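Here the structure comes first, spelled out in C-alpha cells, and everything after it is commentary.
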Amino acid sequence: MPTFKNLKDLENYLKKNPKIVLEQNIGKVIEYECPVCKSTQKIEIISSNKGKCKNCSREIEITMVIE
9 MPTFKNLKDL ENYLKKNPKI VLEQNIGKVI EYECPVCKST QKIEIISSNK
59 GKCKNCSREI EITMVIE
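Sequential numbering of the sequence shown, starting at 9, is according to this note's numbering.
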C-alpha cells in the first residue's frame with residue numbers, strides 16, 4: 009500500500025480500493041455477522057473478499073463499505 013500525506017488521501021484511496029483492507033489482513037480474525045449462523049461470529053479472512061466462519065466452517069463473502 010502506498011504512503012499518504014494526510015488522512016483524506018488515505019480515505020480516498022480506501023474508498024476506491026476497499027478490497028486492499030482485506031488483502032492486507034488475510035489470516036486475521038474479525039467479528040462479523042455470519043449469514044448461516046445468523047449471529048456475530050469470529051470470521052477468519054481467507055482472501056480479498058471471503059472469510060470462513062469459526063462456528064459453522066462455511067465460507068462467506070465479505071464486502072467492505074468505507075464511507
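By construction, the Cβ of each residue, glycine as well, lies at the ideal position given by its N, Cα and C atoms.
Predicted model, so just to flag it, every value in this text is computed and none were measured.
Proximity to residue i [Cα-Cα], best of the options
i: I54; options: E69, S47 and N63; result: E69
i: M72; options: K62, N25 and G35; result: N25
i: E7; options: E52, N33 and E67; result: No information on residue 7 is available, as it lies outside the stretch 9 to 75 that the chain covers here.
DSSP state of residue i mapped onto helix, strand, coil
i: E75; result: coil
i: V37; result: strand
i: I54; result: coil
i: K13; result: coil
i: K27; result: helix
Residue i versus residue j - alpha carbon distance
i: G59; j: K50; result: 10 Å
i: K23; j: K46; result: 28 Å
i: I74; j: V44; result: 24 Å
i: E41; j: Y21; result: 26 Å
i: K13; j: C64; result: 42 Å
i: K27; j: L18; result: 14 Å
i: L30; j: S56; result: 5 Å
Proximity test, Cβ basis, 8 Å: residue i and chain C
i: V73; result: In the structure shown, chain C does not exist; there is a single protein chain.
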